[in-house]
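**Q** Before I ask anything, here is the structure I am working with.
2 protein chains.
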Amino acid sequence: MDVDTRLLRSFAAVCEEGQLTAAAARLFVSQPTLTKQIRQLETLLGGELFERSRRGMAPTPAGRALAERAGPMLAGWDDALRATRAAAAEQVATLRVGFEGGIINLMSRRTVADFTRRMPGWQVELRQNNWFDPTSGLATGEIDLTLWHAPPYLAAQYNVAVLGEEPRVAALSSGHRLAAQAELSFEDLLDEPFVAIPHEAGHWRDYWLAARERGGRPVRIGAVAHNTDEWLAAVVCGQGIGFAPETMSRLAPREDVAYRPVRGLSPSQVGLYWPKDRELTPAMAAFVRSCRATVGYGATAWETGPGDGPGLA
Amino acid sequence: MDVDTRLLRSFAAVCEEGQLTAAAARLFVSQPTLTKQIRQLETLLGGELFERSRRGMAPTPAGRALAERAGPMLAGWDDALRATRAAAAEQVATLRVGFEGGIINLMSRRTVADFTRRMPGWQVELRQNNWFDPTSGLATGEIDLTLWHAPPYLAAQYNVAVLGEEPRVAALSSGHRLAAQAELSFEDLLDEPFVAIPHEAGHWRDYWLAARERGGRPVRIGAVAHNTDEWLAAVVCGQGIGFAPETMSRLAPREDVAYRPVRGLSPSQVGLYWPKDRELTPAMAAFVRSCRATVGYGATAWETGPGDGPGLA
DNA sequence: CGGTTCCATAACCTTGGGGCATGGATGTCG
DNA sequence: CGACATCCATGCCCCAAGGTTATGGAACCG
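In order, the protein sequences belong to chains A and B. Going by my numbering, the letters in the first sequence line up with residues 1 to 313, in that order. Going by my numbering, the letters in the second sequence line up with residues 1001 to 1313, in that order.
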């Protein structure tokens, strides 16, 4: 008797949401599809998993029995996925590195060249993360390392080799009334509409809206952007303002966008991240060293942070 | 990224067999199907899981990484299946009992009536096991209890409420030359062809061939039977002889079949079995008591064994 | 050098799972 | 009190996934 883990994920989502409609939205499937999936599980297991009502779906004892076990099973599979993919990449001497947003432009030919010198025969595969998947494929084992601007509180969930810190700045349409000021204060921006990244990004979205710094005050969302270009366009059109790492002002300078420092906005931590339960392989360590040696070459504000991360003595 | 557990089972089978052809036979699918399944896994995981050669399939490092984790995952799912099905049956106040072979005839209306008296509102669902599935659905949680003639060495793998012991007798065509003897000796039967049950039954098959008692001496297989009727027919036609529990001589008496006691053949243990990791529910306990009170009513040789099993004080 | 043993490929067919549109039951609010 | 909103179920259609049989190709074995 076999199942697709997709059914278990659907089941878990319905358990958490307490209703089909919401779970279907979260899973990006239609509601009838979820109805069928749950029924399928129920047929397989020989009993009702949920009690249906107009309020939604409440798990039965059988449903609870499954719910207890579905989580560990899914975690087990994700782990297997990660480990096997890592081994497969190792097999073909490939390091898979993800980059967040435009930060990839900071990498130079020198970085890869340096890495190749340290690990002869190896190659680097670069993947730009999209804004939908804040884990950047780390969770599913699609990549080994990711170069991130992460908030320190998120960094605790990963192993990290810190490369430095970078201020977050505000981006405004150059015609914006506040663009005249050379420096802004965070309080002045509280009532501004913001260009947000998608909900799916979770903590990541909150971080770039500086939700924590707002002290519970709700954010006005002027637009939602799915990549850097959309984001810039929305800013230019005055749909809202946004926060970005300082490097963006150099990597994507535009006349119609004003980048301004913000008093009271914490900086972001720049570093290479990898999963907590993943050991640092020689190739990963070599890449960290290559980044230290070459990234930010020139005029960036980065400094080597105090925490070197495990295995990097 | 999702998988069907079927893919993992296929993968595990190929790992164990070391080649597609044999694994396909074991899984009852065609070899091209397995080829596709393994390829599918490899695509999903982004690398080769096996090294192909004319000798078969040898797992790569990635394959070994997955192999380590596939076992626990499958075990986890089987456990979830068992637990959820059990809870679902409990939900609708149903006890699912499996029976091996003709033993079901020993149950009487009294057994069920007694159970219903102990557990008002509950019902019993009886399923006759087939000879292909020696676990009788215990492993997959399709039933709660099974009434078995098990060899003592297999009994150690289950929780068991012993009901008694029963001699194994030999069944021969009445025209067989040995049928003239009132009692046979095991040694006389060593060179006889036997009517076996299917290979899929595993230990179970060996047990009814008395493989252990033969001291390594190979068995001649005269025919393979898939159920009691086939088995009896094969015996009658002289394709071979066979061993059976003594009750069979009373439940399936035929003029053309001679049942004879065998010196040197160990008896089988009769009892209700349930999985090691399954607690005894009130309904299960009640059924055990009902069997003790009613099964073998009349003239069976059964006695209550010394071991009562856990939870039956 | 034919035969055997394994795995891969091709062509075909059936099933199943997903989407859309709609229905039914039940609270809720004006 | 009736129209509406909410949430799950059903029916229909369609495409893709996965299974089977038949066949090919590479390597070992007498």
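Backbone N, C-alpha and C fix where the C-beta goes; we use that ideal spot for every residue, glycine too. Note that the structure is a prediction, hence the values are computed from the model and not measured.
Within 7 Å (strictly less), CB to CB, does Gln91/A reach chain B?
**A** Taking the first residue of the first sequence as position 1, residue 91/A is located at position 91. Judged by the 7 Å Cβ criterion, Gln91/A is in contact with chain B.
**Q** Determine the extent of the beta strand (DSSP E) in which Ala1171/B is found, giving its start and end residues.
**A** Counting from one through the second sequence, the residue named residue 1171/B turns up at place 171. Residues Arg1168 to Ser1173.
**Q** Pull up the CB-CB distance for Asp1144/B and Ala1086/B, whole angstroms please, since I reckon it's below 8 Å.
**A** Taking the first residue of the second sequence as 1, we reach residue 1144/B at position 144. Taking the first residue of the second sequence as 1, we reach residue 1086/B at position 86. 7 Å between Cβ atoms; contact.
**Q** Starting from the C-beta of Pro151/A, find all residues in its chain whose C-beta is less than 6 Å away, skip the five residues before and the five after it, and write them out in chain order.
**A** Position 151 of the first sequence, counted from the start, is the residue given in the question as residue 151/A. Only Tyr207 meet the Cβ criterion.
**Q** Thinking Cys1237/B and Thr1111/B are a contact (beta carbons under 8 Å), I'd like their distance in whole angstroms, please.
**A** Within the second sequence, numbered from 1, the residue matching residue 1237/B stands at position 237. Within the second sequence, numbered from 1, the residue matching residue 1111/B stands at position 111. That pair is no contact at about 35 Å.
**Q** Count Cβ pairs between the segment 1246-1257 of chain B and the segment 1274-1285 of chain B that sit closer than 8 Å; are there 3 or more?
**A** These segments do not touch.
**Q** Suppose contacts are defined by Cβ-Cβ distances below 7 Å. Is Gln37/A in contact with Leu7/A by that definition?
**A** Working through the first sequence from its first residue, we reach residue 37/A at position 37. Working through the first sequence from its first residue, we reach residue 7/A at position 7. Contact: yes.
**Q** If we call anything under 7 Å between Cβ atoms a contact, is Thr84/A one with Leu1045/B?
**A** Taking the first sequence and counting its residues from 1, the one referred to as residue 84/A is at position 84. Taking the second sequence and counting its residues from 1, the one referred to as residue 1045/B is at position 45. Yes, the pair counts as a contact, with Cβ atoms nearer than the cut-off.
**Q** Could you work out which residue in Leu232/A, Val235/A and Ala170/A is closest to Gly267/A when comparing CA atoms only?
**A** To locate residue 267/A, count along the first sequence from 1; it is residue 267. Going by the sequence as given, residue 267/A is Pro instead of Gly. Of the listed residues, the one whose Cα sits closest to Pro267/A is Ala170/A.
**Q** Give me, in chain order, the residues of the same chain whose beta-carbon lies closer than 8 Å to that of Ala24/A; leave out the 5 immediate sequence neighbours on both sides.
**A** Along the first sequence, read from residue 1 onward, the residue named residue 24/A stands at position 24. Here the set comprises Ser30, Gln31, Thr33 and Leu34.
**Q** Is Ala62/A near Ala1088/B, with beta carbons less than 7 Å apart?
**A** Stepping through the first sequence from its first residue, residue 62/A is reached at position 62. Stepping through the second sequence from its first residue, residue 1088/B is reached at position 88. Yes, Cβ-Cβ distance for Ala62/A and Ala1088/B is below 7 Å.
**Q** At which residues does the alpha helix (DSSP H) containing Val236/A begin and terminate?
**A** For the purposes of this step, residue 236/A is identified with residue 236 of the first sequence, where counting begins at 1. Unbroken alpha helix (DSSP H) run through Val236/A: Thr228 to Val236.
**Q** For Leu1172/B and chain A, any beta-carbon pair shorter than 7 Å?
**A** By one-based count along the second sequence, residue 1172/B stands at place 172. Output row for Leu1172/B: interface = no.
**Q** Rounded to a whole number of angstroms, what is the C-alpha to C-alpha distance between Glu1142/B and Ala1012/B?
**A** For the purposes of this step, residue 1142/B is taken as the residue at position 142 of the second sequence. For the purposes of this step, residue 1012/B is taken as the residue at position 12 of the second sequence. Each residue's alpha carbon lies about 23 Å from the other.
**Q** Thinking C-beta only, is Leu1184/B closer than 7 Å to Arg1260/B?
**A** On the second sequence, residue 1260/B is found 260 positions in, with the first residue counted as 1. On the second sequence, residue 1184/B is found 184 positions in, with the first residue counted as 1. Against a cut-off of 7 Å, the Cβ pair of Leu1184/B and Arg1260/B comes out as a contact.
**Q** Ignore the nearest five residues each way along the sequence and tell me which others in Arg1118/B's own chain have a CB closer than 6 Å to its CB.
**A** Residue mapping note: residue 1118/B aligns to position 118 of the second sequence, counting from 1. Correct list, in chain order: Ala1286.
**Q** I think Ile1241/B touches His1176/B, with their Cβ atoms under 8 Å apart; what is that distance to the nearest whole Å?
**A** To locate residue 1241/B, count along the second sequence from 1; it is residue 241. To locate residue 1176/B, count along the second sequence from 1; it is residue 176. With 8 Å as the limit, Ile1241/B and His1176/B qualify as a contact, their Cβ atoms being about 7 Å apart.
**Q** By DSSP, does Gln1128/B sit in helix, in strand, or in coil?
**A** By one-based count along the second sequence, residue 1128/B stands at place 128. Reduced to three states, the DSSP call for Gln1128/B is strand.
**Q** Quick check: the Cα distance between Gln269/A and Gly164/A, rounded to an integer number of angstroms?
**A** By one-based count along the first sequence, residue 269/A stands at place 269. By one-based count along the first sequence, residue 164/A stands at place 164. Each residue's alpha carbon lies about 6 Å from the other.
**Q** Along the chain, which unbroken stretches of the beta strand (DSSP E) at least 3 residues long are found entirely within the segment 1002-1075 of chain B?
**A** As far as the segment 1002-1075 of chain B is concerned, its whole beta strand (DSSP E) runs of at least 3 residues are 1050-1053 and 1056-1059.
**Q** For Gly137/A, does the count of other Cβ atoms within 10 angstroms reach 16, so buried, or fall short, so exposed?
**A** Taking the first sequence and counting its residues from 1, the one referred to as residue 137/A is at position 137. Gly137/A comes out buried.
**Q** So is Ala1062/B in contact with chain A if we call contact Cβ pairs under 7 Å?
**A** Here residue 1062/B corresponds to residue number 62 of the second sequence, with the count starting at 1. Yes - at least one Cβ of chain A is within 7 Å of the one on Ala1062/B.
**Q** Go ahead and pull the three-state DSSP assignment for Val1112/B.
**A** Taking the second sequence and counting its residues from 1, one reaches residue 1112/B at position 112. Val1112/B: helix per DSSP, three-state reduction.
**Q** In angstroms, rounded to a whole number, what distance separates the CA positions of Glu1017/B and Arg1055/B?
**A** Counting from 1 along the second sequence, the entry for residue 1017/B is found at position 17. Counting from 1 along the second sequence, the entry for residue 1055/B is found at position 55. Cα to Cα, the separation comes out at about 11 Å.
**Q** By a C-beta neighbour count over all protein chains shown, 10 Å radius and 16 as the cutoff for buried, is Asp1114/B buried or exposed?
**A** One-based indexing of the second sequence puts residue 1114/B at position 114. With 16 or more other Cβ atoms within 10 Å, it is buried.
**Q** Could you give the distance in angstroms between the alpha-carbon of Thr5/A and the alpha-carbon of Val1003/B?
**A** Translated into the one-based positions of the first sequence, residue 5/A becomes position 5. Translated into the one-based positions of the second sequence, residue 1003/B becomes position 3. Answer to the nearest angstrom: the Cα atoms are 6 Å apart.
**Q** Under a Cβ-count criterion, where at least 16 other Cβ atoms within 10 Å of its own Cβ denotes burial, should Gly71/A be classed as buried or exposed?
**A** On the first sequence, position 71 is the one that residue 71/A refers to. The residue is exposed, with fewer than 16 neighbouring Cβ atoms inside 10 Å.
**Q** Output the boundary residues of the alpha helix (DSSP H) element that contains Leu189/A.
**A** Sequence index remark: in the first sequence, residue 189/A carries index 189 (1-based). Start and end: Phe186 to Leu189.
**Q** Please state if the CB of Pro198/A and the CB of Gly222/A are separated by a distance shorter than 7 Å.
**A** For this step, residue 222/A is matched to residue 222 along the first sequence. For this step, residue 198/A is matched to residue 198 along the first sequence. For Gly222/A and Pro198/A, no; Cβs fall outside 7 Å.
**Q** Which of helix, strand or coil does DSSP assign to Leu147/A?
**A** As a working note, residue 147/A is residue 147 in the first sequence. Strand.
**Q** Can you give the Cα-Cα distance for Glu48/A and Trp1274/B, rounded to whole angstroms?
**A** By one-based count along the first sequence, residue 48/A stands at place 48. By one-based count along the second sequence, residue 1274/B stands at place 274. Rounded to whole angstroms, Glu48/A to Trp1274/B spans 23 Å at the Cα level.
**Q** Closer than 8 Å by C-beta to Asn1159/B: which residues in its own chain qualify, once you throw out the five before and the five after it? Chain order, please.
**A** Stepping through the second sequence from its first residue, residue 1159/B is reached at position 159. These residues qualify, in order along the chain: Tyr1273, Trp1274, Pro1275, Lys1276, Arg1278, Leu1280, Gly1309 and Pro1310.
**Q** For Ala1023/B, would you say it is in contact with chain A, using Cβ-to-Cβ distances shorter than 7 Å as the test?
**A** In the second sequence, residue 1023/B corresponds to position 23, counting from 1. Chain A contact via Cβ: absent.
**Q** Measure the C-alpha to C-alpha separation of Trp1231/B and Ala1244/B and round it to an integer number of angstroms.
**A** Numbered from its first residue, the second sequence carries residue 1231/B at position 231. Numbered from its first residue, the second sequence carries residue 1244/B at position 244. Cα to Cα, Trp1231/B sits roughly 10 Å from Ala1244/B.
**Q** For the segment 3-21 of chain A, list every residue whose C-beta sits within 9 Å of some C-beta in chain B, in sequence order.
**A** Answer in chain order: Val3, Asp4, Thr5, Arg6, Leu7, Leu8 and Arg9.
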